[in-house]
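Going by the UniProt record's numbering, the letters in the sequence shown line up with residues 1 to 203, in that order.
Backbone N, C-alpha and C define an ideal beta-carbon position, used for all residues, glycine too.
Note that the structure is predicted; figures quoted are calculated from it, not measured.
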Amino acid sequence: KTMADSSYQSEVHNILSLLKMKSRTAALQEVSDVESMDMKPECFISPRYAKKYKSKQLAARILEAHHNIIHLPLMEAKLRFIQAWQSLPEFGLSYYIVRFKGSKKDDLLGISYNRLIRIDTATGDPITTWRYSNMKQWNVNWEIRQVAIEFDQNVSIAFACLSANCKVVHEYIGGYIFLSTRSKDQNETLDEDLFHKLTGGRE
Numbered sequence: 001k002t003m004a005d006s007s008y009q010s011e012v013h014n015i016l017s018l019l020k021m022k023s024r025t026a027a028l029q030e031v032s033d034v035e036s037m038d039m040k041p042e043c044f045i046s047p048r049y050a051k052k053y054k055s056k057q058l059a060a061r062i063l064e065a066h067h068n069i070i071h072l073p074l075m076e077a078k079l080r081f082i083q084a085w086q087s088l089p090e091f092g093l094s095y096y097i098v099r100f101k102g103s104k105k106d107d108l109l110g111i112s113y114n115r116l117i118r119i120d121t122a123t124g125d126p127i128t129t130w131r132y133s134n135m136k137q138w139n140v141n142w143e144i145r146q147v148a149i150e151f152d153q154n155v156s157i158a159f160a161c162l163s164a165n166c167k168v169v170h171e172y173i174g175g176y177i178f179l180s181t182r183s184k185d186q187n188e189t190l191d192e193d194l195f196h197k198l199t200g201g202r203e
């Protein structure tokens with residue numbers, strides 16, 4: 001995006017708000033002693049991060065973040081929370097357990113508005129990313145419940161969905177591709193035929 005983009009100013013505002021929340025000012029001195037508080041950081045964060053850091057470190061960071069927003073009205077605090085959540089790299093991902101063709105173990109498939117991500121279930125680390133912009137075609141074999149996708153440079157993948165019906169994954173992909181074809185003009189008429197063509201399927 002360039003500075004001429006219409007979303008530039010709001011993006012700058014969001015980034016500045018996030019940096020302000022992250023800034024390490026004198027917040028820690030003003031916050032009451034962490035050890036004297038009966039705070040359980042594991043109630044605020046995911047188990048993955050609870051294992052990574054010590055409880056005292058987490059409690060200090062939580063109190064610091066709280067101190068940065070304590071003066072805000074409720075609606076503004078909620079808005080800041082949503083903005084911080086939307087800035088996370090995993091925002092907007094839907095996860096499904098799948099078994100890739102030729103693999104003996106299950107993987108997580110993350111589906112986003114512009115890409116598919118194969119994720120290691122043990123570590124949570126991304127293994128491979130495929131962008132919709134490189135996708136040539138995809139189809140579903142309804143008999144064996146397998147989704148097959150072909151990308152540029154002769155890259156092909158196929159997987160069976162284990163945690164949901166493969167129709168759900170098919171609809172996600174088709175829906176996101178349909179949204180990418182639409183312009184930002186609010187008055188654009190909805191091409192229902194194209195939508196049903198991309199998201200529909202015969203079981």
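Per DSSP, what kind of secondary structure is residue i in: helix, strand or coil?
i	result
residue 41	helix
residue 59	helix
residue 195	helix
residue 138	strand
residue 47	helix
residue 15	helix
Let me make sure I understand the geometry here. Which of the options has the alpha-carbon closest to that of residue i?
i	options	result
residue 129	93, 164, 192	93
residue 89	39, 181, 126	126
residue 156	137, 167, 144, 163	137
residue 62	39, 77, 80, 78	39
residue 239	122, 154, 175, 152	Because residue 239 is not part of the residues shown, which for the chain are 1 to 203, the question remains open.
residue 150	162, 134, 164, 160	134
residue 121	97, 131, 143	97
Which residues in the same chain have their Cβ closer than 8 Å to the Cβ of residue i, if we skip the five residues on either side of it in sequence?
i	result
residue 48	124
residue 172	94, 111
Rounded to the nearest angstrom, what separates residue i and residue j at their Cα positions?
i	j	result
residue 179	residue 196	12 Å
residue 31	residue 71	Any reading at residue 31 needs caution, since the residue's pLDDT is 48, under 50, leaving its predicted position unreliable; the model's value is listed next. For residue 31 and residue 71, the distance between alpha carbons rounds to 14 Å.
residue 191	residue 58	49 Å
residue 20	residue 73	16 Å
residue 79	residue 10	13 Å
residue 182	residue 45	37 Å
residue 115	residue 189	26 Å
residue 67	residue 153	51 Å
residue 148	residue 91	25 Å
Tell me which same chain residues have a C-beta within less than 6 Å of the C-beta of residue i, skipping the five on either side of it?
i	result
residue 168	none
residue 101	158
Hey, could you find the ends of the alpha helix (DSSP H) residue i is sitting in?
i	result
residue 200	It is not in any alpha helix (DSSP H) - residue 200 carries neither H nor E in the DSSP assignment.
residue 77	74-86
residue 109	No alpha helix (DSSP H) contains residue 109, which is instead part of the beta strand (DSSP E) from 107-111.
At which residues does the beta strand (DSSP E) containing residue i begin and terminate?
i	result
residue 146	146-151
residue 94	94-100
Excluding five sequence neighbours on each side, which residues of the same chain lie with their C-beta closer than 7 Å to the C-beta of residue i?
i	result
residue 99	106, 159, 160, 162
residue 145	160, 161, 166
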